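One structure is given here, and the rest of the page talks about it.
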Amino acid sequence: MKIGLEKETQYEDELKKLKIQIEGLQDIFHSMSEPYIRVDEDLRFTFVNDAACALLETTAGKLSLMRITDFLDVIPLHIQEDSSLREKPKDRERQMIQLHTGDLKQIEFVPVGPVTEGEQMYRLEDVTLDLSATREKSMSRQMFLDLFDTATESIVLFDSSGIIMEVNHAFIQVMGIPKKGIVGKNMMDFISPDYKSYWDQSIRKVLNVSNFKGEVEMIIRDEPYHFTFSISPTVGNDLYMSVLQRLTESNLIEKRLETSERIFAELFDQSMDAIIFWNDDGVIFRVNHSACKIFESTREEMIGSYIWKYVYSNDQHFEQMLETFERDTQVRDELFYKMPNNQIKLLELTAKKHEGDGYNVTIFRNVSERWLIEKELRDSEKKFRKIFEGTLDGLILWNHEGFKDINEAGQEILEITKDKLLSFTVTEFIEKIPGNAPELNAHIENVYKHEVFSSIIPIIFEDGRVKHIEFLTRKNVYSSLNLSIFRDVSKNLEMQEQIRKSDTLNVVGELAAGIAHEIRNPMTALKGFIQLLEDGVEGDFSTYFHVITSEIKRIETIITEFLVLAKPQALKIVKQDVHTILRETLELLAAQALLENIQFDTFFEEVEFPVLCEANQLKQVFINIIKNALEVMPDGGAVRIDTSRCSGKYVCISITDQGMGISSEKLKKLGEPFYTTKDRGTGLGLMVSYKIIEEHKGYIDVESEVDKGTSFHIYLPLES
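Using the numbering used here, you'd call the opening residue of the sequence shown number 560 and step up by one each time.
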């Protein structure tokens, strides 16, 4: 008994160990990711792991009451009959089962180990997806082949070198060549020479864009035909597939229309000019982006609005433009427009009426900036023109080609009209009077050398008159134009000369005042003693005394003239007739004229010329000038005395001799103190004459020509 109990205890211990091992193995099987089942001889489930439960979508408890055939009974009869699982298969076998959810699965039963105690272990593999993929691939291939051959478009398969691998029936019909005459040839064999380069570029582009569309010309039976085509790589990029469609004449026209419409749409919306389409009622129905930008409005705001609603002013100009548009069906003009933000813009527009098509088009361009610039230029030009024309100095714009402009003051100074001056070149104008050329050319040379130069140039006119003109010229003052500013300084020079003479006269006057008094006192004594000697001296010394007495009188005359210069004389101004004074003067000088064989010729324009004067002083002036005339005519002749009215305000007394004349250099110095053309003259006579006439508000002008004579013109204001 004791021994039996010990063995029983050992057996129990071994059973416990075995039970623990079985539970451990079961845990291992349950944790495995692959489905495992074990069935007995009746195909009942004796063990299933968790993965098998998940595959069969049934719990372990339910499976323990089921057989494998429960999943096979729903399979169609002919499949059940073929199922060898009913005989416990010994090799790998694939069966379709149906779950209680109705889903079908392809399961591969793989036996694991030998049959033990009538039970077999299986590993289950779900191959449903693999079979579906294979079946779909087979179906897709078959569908592709069916579509490829039945497609109405021509389809070509070719490799990367262009060798044609396959074509469909539609391509064979288009080419009119048997399939064996196409397959194996290169695509380039059928492409027109003008398109070979384009086709090659298309193939290269497919590598980047996966699909490329275009238009190509192919040669079919020596005739060119146009095709649209698309090229795309096949799966794996081993081959290229091109789908081609032949273009008929109508297709080509439609294609061109589509292309034209596309190009028009692109140009329309990308145009820098604003483009607006509107109907005959003036309603806008299409605008581009530039139009929205110029009119400061959105597309929605413009479409449906009235074309002319933005016009700033419906004035006469606007009405005339509309009349022109209706009459000529087109117009080009400029109008001011007011934007929604109150901004004013000047727009240049070109409008065209398309009566038959039911639409009109207007193209706008914003020229506001140009208008503002032009306005500023016009304002600047007006300012310049006002300054140019209003300045008192002469202004000339010129360059090497000729004269461009001259102002009114310049025309007066040069005594030439603007049109006449502009008709000359610079060279022609300078050489018009040869005497002007040297100094004018020298001035221009200095301008180009120094850029700015000024000089005073005596300009000779056609009538022989001379004006001293001061020129200041600046080179390239604007747009390759030179500017010369000039003024007549003849009077200024005369004034300067008069000032110089006046200064000299003042000095002479101061000297004269002192000298006259210093000489007069001893002269009185000399004169008295000479008279005593003349009465008391015996002998005939009358000649000597006469000479001494005449020379003393001459000295007194000089002293008297000195005193005239030295201080202003008290003038007794009364109304006198110039002719009366002249006649009295001529009577005084008649005897001397007779001795010199000279006659006086007089011509008085009017009966009398009344002037306000001091008669004796005027008489002194006439005596000085006429005596000079007598002295320069040693061989006799005639002295002409004329009177005439000048400018209605002056009487001109002209005294003309027939002497040797005076050169222009000497003529300028007449009237200066101590300057004389006579051997024994003092120059004081003319100086005193100038001063007397000046005090009478007149002036003296001298004309002389060598070997022909001299004329003194004395101008005195008439008594009014």
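Virtual Cβ for every residue (Gly too), placed ideally from N, Cα, C. All of these numbers come straight from a predicted model, not from anything done at the bench.
Contact defined as beta carbons within less than 8 Å: I believe residue i pairs with residue j. What is the distance between those atoms, to the nearest angstrom?
i       : j       : result
ASN956  : LEU1042 : Note on residue identity: the sequence assigns Leu, not Asn, to residue 956. That pair is a contact at about 6 Å.
SER791  : VAL775  : At roughly 15 Å, the Cβ-Cβ gap does not stay under 8 Å, so SER791 and VAL775 are not in contact.
ASP952  : ALA968  : 6 Å
VAL920  : PHE836  : 5 Å
THR1202 : PHE1163 : 5 Å
LEU622  : LEU615  : 7 Å
VAL1198 : LEU1275 : With 8 Å as the limit, VAL1198 and LEU1275 do not qualify as a contact, their Cβ atoms being about 19 Å apart.
HIS1002 : SER1014 : 5 Å
ASN966  : LEU954  : 5 Å
Count the other C-beta atoms from every protein chain shown that fall within 10 angstroms of the C-beta of residue i, then say buried if there are 16 or more, exposed otherwise.
i       : result
ARG929  : exposed
TYR1037 : exposed
ARG597  : buried
ARG780  : exposed
ASP629  : buried
SER801  : buried
ARG886  : exposed
TYR570  : exposed
PHE1100 : exposed
ASN901  : exposed
GLN760  : exposed
GLN679  : buried
Taking only the alpha-carbon atoms, compute the straight-line gap between residue i and residue j and give it to the nearest angstrom.
i       : j       : result
ARG1142 : ASN1187 : 18 Å
PRO594  : GLU667  : 11 Å
ASP599  : GLY620  : 16 Å
ILE627  : VAL671  : 16 Å
PHE707  : GLY740  : 19 Å
LEU636  : ARG603  : A caution first: LEU636 carries a pLDDT of 33, below 50, which makes its placement in the model unreliable, though a value can still be read off. Those two C-alpha atoms are separated by around 21 Å.
PHE983  : LEU936  : 29 Å
ASP1194 : LEU1154 : 11 Å
GLN639  : GLN654  : Only weak support exists for where GLN639 lies, its pLDDT of 40 falling under 50; the value from the coordinates is given anyway. Distance between the alpha carbons of GLN639 and GLN654: 10 Å.
PRO1169 : LYS1134 : 6 Å
ALA833  : ILE972  : 55 Å
LEU803  : SER769  : 17 Å
ASN958  : ASP1022 : 28 Å
VAL1137 : PHE943  : 53 Å
PHE1012 : ILE975  : 24 Å
ILE587  : GLY661  : 31 Å
LEU1031 : ILE992  : 21 Å
VAL686  : MET591  : 18 Å
SER756  : ARG763  : 11 Å
THR1144 : CYS1205 : 23 Å
SER713  : PHE827  : 36 Å
ILE634  : ALA710  : At ILE634, the pLDDT of 43 sits below 50, so the modelled position is not reliable; the number obtained from the coordinates is stated separately. Going by the C-alpha atoms only, they are around 39 Å apart.
ARG924  : THR950  : 41 Å
GLU582  : HIS589  : 10 Å
GLU567  : LYS576  : 14 Å
VAL521  : THR883  : There is simply no residue 521 to check, as the chain begins at 560 and stops at 1279 in what is shown.
Would you kindly report the start and end of the unbroken beta strand (DSSP E) that includes residue i?
i       : result
GLU593  : That residue, GLU593, is in no beta strand (DSSP E); it is neither H nor E in DSSP.
ALA850  : That residue, ALA850, is in no beta strand (DSSP E); its alpha helix (DSSP H) goes 848-853.
GLN665  : 663-675
ILE656  : 652-657
ILE1028 : 1025-1037
LEU716  : 713-717
ASN1134 : Reading off the sequence shown, one finds Lys at residue 1134, where the question assumed Asn. Where LYS1134 is concerned, the enclosing beta strand (DSSP E) stretches over 1133-1136.
ASP978  : Run containing ASP978: none in the beta strand (DSSP E); it sits in the alpha helix (DSSP H), 977-981.
ILE627  : No beta strand (DSSP E) contains ILE627, which DSSP labels as neither H nor E.
THR1161 : 1157-1163
GLU678  : 678-685
GLY863  : Neither: GLY863 is in no beta strand (DSSP E) and is coded neither H nor E.
GLY1220 : No beta strand (DSSP E) holds GLY1220; DSSP gives it neither H nor E.
LEU798  : It is not in any beta strand (DSSP E) - LEU798 carries neither H nor E in the DSSP assignment.
Establish whether the CB of residue i and some CB of chain B are separated by less than 7 Å.
i      : result
LYS977 : Of the protein chains in this structure there is only one, and it is not chain B.
Considering just the uninterrupted stretch of the alpha helix (DSSP H) at residue i, what are its terminal residues?
i       : result
HIS959  : No alpha helix (DSSP H) contains HIS959, which DSSP labels as neither H nor E.
GLN732  : 728-734
VAL985  : 985-990
SER1223 : 1223-1226
THR883  : 875-887
TYR1007 : 996-1009
PHE1181 : 1174-1190
LEU615  : 609-615
GLU967  : 967-973
Exercise. What residue ranges within the region 756-782 form continuous beta strand (DSSP E) runs of no fewer than 3 residues, ordered along the chain?
Worked result: 771-779
Problem set entry | Continuous alpha helix (DSSP H) assignments of at least 4 residues falling wholly in the region 897-956 | 927-949
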